[in-house]
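Let me begin by presenting the structure, written as structure tokens, before commenting on it.
Protein chains in written order, with my numbering: chain A, 31 to 266; chain B, 65 to 194.
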């Protein structure tokens, strides 16, 4: 996808190439945000938080992901509260992805659980946000995701690292070359291919090749899964 | 001309216990708009602190409590005159009936809106200072 802007229409986000995920240039465009929150009161609270920041425009407010069809408003980011949803986490996130094609998904939860975080990332979420943070921190996390990065609660990521360390396990990460491990680390930090190429002084094409080999060796298909592997293996 | 002046009663004092701190500013501002004086908002219940504050209204998020009904019974004993309002993701009516029996004045569920929260915390004719 190439850089596209719509002059004269500031509500249409500028989308730029991030390797494999479109993201928004927040200096020029508002982020269309959809809220999926089972509790009416908290949906209003979330809407209020984003309404206070000019970077966001509310695309919709829903109780659950729709069973079929696409959500109106073409959201760029979906913020979904997993607590109170009546179906499995993977099903909820799959429903969000199906209802909002192309949107990046931020999962909200009350649980400081590394296992749940892993399930969310493996199910396509770009962020795992625990609800005991401040509204300002939520806004910061969602902006990161809108800009093409990922976000996980540092306390949960820390727990995952400690668990991995206690297990002493470093699974298939050992198959990566030094350069591939470097690239994986930067993917886990949320960098796009272009940013990685600048950081490592490589061409973007070379970075893409490294990413393909990493995906192949780790038997994964998404950058978020790569981030999970990086965290599991302790390289970040 | 005779003018009858009645003193304005003090605002009712409210406390909020909610582990999901993300939502607390919204709850605080909603109650304040109704004239309540929110004197405390905390993620966890601290009985000694609550007893000292002695709020007129206590709003408690129960979804993160391990034994919400046990906690509720303790809170009712601690604050016999307070209006205790619970809110929850659960739409289980049977649980709400049980909670009322144990001492809750109202239970705000997932489909309840801001008006429901307000009327649960501030029943008609009970607003003070407004």
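Using N, Cα and C, we set each Cβ at its ideal position, and we do this for glycine too. Note that the structure is predicted; figures quoted are calculated from it, not measured.
Could you tell me whether the Cβ of residue 98 (chain B) comes closer than 8 Å to any Cβ of chain A? It does not; no Cβ of chain A falls within 8 Å.
Which whole-angstrom value is the C-beta distance of residue 107 (chain A) and residue 150 (chain A), which I expect to be below 8 Å? Not a contact, Cβ separation roughly 15 Å.
Are the Cβ atoms of residue 150 (chain B) and residue 171 (chain B) separated by less than 8 Å? yes
Sequence-distant residues of its chain with Cβ nearer than 6 Å to residue 107 (chain B) (five each side left out): 83, 85
Would you mind reading off the limits of the beta strand (DSSP E) that contains residue 139 (chain A)? First-last of the beta strand (DSSP E) with residue 139 (chain A): 134-139.
Contact criterion: CB-CB distance below 8 Å. Does residue 127 (chain B) meet it with respect to chain A? yes
Over the uninterrupted beta strand (DSSP E) stretch that includes residue 170 (chain B), give me the two end residues. Residue 170 (chain B) -> beta strand (DSSP E) spans 170-172.
For a contact meaning CB atoms closer than 9 Å, what does residue 177 (chain B) contact in chain A? Within chain A, the residues near residue 177 (chain B) are 70, 71, 74.
So with Cβ pairs under 8 Å, would you call residue 183 (chain A) a contact of chain B? no
Is residue 105 (chain A) close to chain B, meaning its C-beta is less than 8 Å from at least one C-beta of that chain? no
Assign residue 150 (chain B) to one of three DSSP states: helix, strand, or coil. strand
Does any CB atom of chain B fall closer than 8 Å to the CB of residue 131 (chain A)? no
Show which residues of chain A have a CB atom less than 9 Å away from the CB atom of residue 83 (chain B). 140, 161, 162
Quick check: what's the CA-CA separation for residue 225 (chain A) versus residue 210 (chain A)? 15 Å
Closer than 9 Å at the beta carbon, the chain A residues around residue 89 (chain B): 75, 78, 79, 164, 165
For residue 81 (chain B), which three-state DSSP category applies? strand
Determine the direct distance from the alpha carbon of residue 263 (chain A) to that of residue 199 (chain A), and round the result to whole angstroms. At residue 199 (chain A) the pLDDT is 49, less than 50, meaning the model places this residue with poor confidence and gives no usable figure here.
Secondary structure of residue 261 (chain A), DSSP reduced to three states: helix
Is the beta carbon of residue 133 (chain B) sitting closer than 8 Å to the one on residue 163 (chain B)? yes
Using a C-beta to C-beta distance shorter than 7 Å, which residues of chain B count as neighbours of residue 118 (chain A)? Chain-order list of chain B residues neighbouring residue 118 (chain A): empty, with the shortest C-beta distance near 16 Å, by a criterion of under 7 Å.
Indicate whether the contact test is met: 3 or more Cβ pairs, each with one atom in the segment 131-146 of chain A and one in the segment 157-171 of chain A, closer than 8 Å. yes
Identify whether residue 98 (chain A) lies in helix, strand or coil by the three-state DSSP scheme. Coil at residue 98 (chain A), not helix or strand.
In the structure shown, what three-state DSSP assignment does residue 217 (chain A) receive? helix
Residue 184 (chain A): buried (16+ other C-beta within 10 angstroms of its C-beta) or exposed? exposed
Residue 181 (chain B) versus residue 100 (chain A): straight-line alpha-carbon distance, rounded: 32 Å
Are the beta-carbon atoms of residue 218 (chain A) and residue 166 (chain A) separated by less than 8 Å? no
Would you tell me roughly how many angstroms separate the C-alpha atoms of residue 242 (chain A) and residue 252 (chain A), rounded to the nearest one? 10 Å
Near residue 85 (chain A), which residues of its chain fall below 7 Å by C-beta distance, leaving aside the five closest residues on each side in sequence? 56, 60, 61, 173
Looking at C-beta atoms only, is the number of pairs between the segment 64-80 of chain A and the segment 173-187 of chain B that lie closer than 8 Å three or more? yes
Span separating the alpha-carbon of residue 194 (chain B) from that of residue 136 (chain B): With a pLDDT of only 37 at residue 194 (chain B), under 50, the local geometry of the prediction cannot be trusted, and the value read off the model is given with reservation. Answer to the nearest angstrom: the Cα atoms are 29 Å apart.
Quick check on residue 237 (chain A): does DSSP put it in helix, strand or coil? helix
Which class does residue 125 (chain B) belong to by DSSP, given the choice of helix, strand or coil? strand
Expressed to the nearest angstrom, what Euclidean distance is found between the alpha-carbon atoms of residue 245 (chain A) and residue 133 (chain A)? 22 Å
For residue 113 (chain A) and chain B, any beta-carbon pair shorter than 8 Å? yes
Please report the straight-line C-alpha distance between residue 148 (chain A) and residue 146 (chain B), rounded to a whole angstrom. Taking the straight line joining both Cα atoms gives about 42 Å.
Using a 10 Å radius around the Cβ and a threshold of 16 neighbouring Cβ atoms, would you call residue 187 (chain B) buried or exposed? exposed
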